[in-house]
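Participant: Heads up, the sequence shown is in our numbering, so the first residue is 10 and it goes up one at a time.
We put the beta carbon where it would ideally sit given N, CA and C, even for glycine.
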Amino acid sequence: MTATWTRSAETLLGEADQSWSGIWALTHAAAMGALNMAMTVPLGVGVSISYAAMDFREAQDELEWARPDTRGAAAQVQFGALRPDDVPAAREVLDRLAASALNRAAGLAEVGTDLGAQAALSRVMARLITGRAKISGRWA
Numbered sequence: 010m011t012a013t014w015t016r017s018a019e020t021l022l023g024e025a026d027q028s029w030s031g032i033w034a035l036t037h038a039a040a041m042g043a044l045n046m047a048m049t050v051p052l053g054v055g056v057s058i059s060y061a062a063m064d065f066r067e068a069q070d071e072l073e074w075a076r077p078d079t080r081g082a083a084a085q086v087q088f089g090a091l092r093p094d095d096v097p098a099a100r101e102v103l104d105r106l107a108a109s110a111l112n113r114a115a116g117l118a119e120v121g122t123d124l125g126a127q128a129a130l131s132r133v134m135a136r137l138i139t140g141r142a143k144i145s146g147r148w149a
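Structure below.
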């Protein structure tokens with residue numbers, strides 16, 4: 010797993026631009042990876058990971074609502090199978106994807122003058138923050 014997930018994430022991190030579609034692509038990858046992980050880990054842990062996937066998906070919904078053309082504009086990444094002993098490394102991969110999406114959203118919010126876009130980005134950032142916390146276990 011580690012090589013497949015890491016390679017796929019590195020490719021996406023390098024290709025995703027500093028735009029709405031870049032944020033969407035990173036968020037989509039984090040959501041799909043979290044769903045994949047939730048099916049691999051024990052049920053108690055899987056519930057928390059599933060909630061993280063929902064947070065990432067809600068962030069995607071906000072992006073799609075604010076910019077309907079965002080969804081199809083970005084390349085999508087597929088992660089391979091995950092073994093239980095690969096979970097710590099997979100968590101790091103998902104955390105990096107979500108952190109990168111969060112940084113891009115914050116950057117867009119800083120330079121944007123459209124209040125509607127800024128409001129949408131703030132909702133996206135809130136979902137990314139909570140999703141990251143559920144993936145990483147760090148709430149600070």
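Buried or exposed: which applies to residue 48, given that a residue is buried once 16 or more other Cβ atoms fall within 10 Å of its Cβ?
Facilitator: exposed
Participant: State buried or exposed for residue 67, treating a residue as buried only when at least 16 other CB atoms are found within 10 Å of its CB.
Facilitator: buried
Participant: How many angstroms separate the CA atom of residue 121 from the CA atom of residue 29?
Facilitator: 12 Å
Participant: Where does the unbroken alpha helix (DSSP H) through residue 91 begin, and where does it stop?
Facilitator: Per DSSP, residue 91 belongs to no alpha helix (DSSP H) and is neither H nor E.
Participant: Could you spell out where the alpha helix (DSSP H) holding residue 125 opens and where it closes?
Facilitator: Counted as a single uninterrupted DSSP element, the alpha helix (DSSP H) harbouring residue 125 occupies residues 124-145.
Participant: Quick check: what's the CA-CA separation for residue 153 versus residue 73?
Facilitator: Examination of residue 153 is not possible in this model, given that the chain is present from 10 through 149 alone.
Participant: In its own chain, which residues sit with a C-beta less than 8 Å from the C-beta of residue 50, not counting the 5 before and 5 after it?
Facilitator: 58, 93 and 96
Participant: Near residue 112, which residues of its chain fall below 8 Å by C-beta distance, leaving aside the five closest residues on each side in sequence?
Facilitator: Shown here for residue 112: not one same chain residue has a beta carbon closer than 8 Å to its own, the five before and five after excluded.
Participant: Any idea what DSSP makes of residue 49, helix, strand or coil?
Facilitator: coil
Participant: Who are the Cβ neighbours of residue 100 in its own chain at under 7 Å, not counting the five residues just before and after it?
Facilitator: 144 and 145
Participant: Mind checking whether residue 89 and residue 20 have CB atoms under 9 Å apart?
Facilitator: No.
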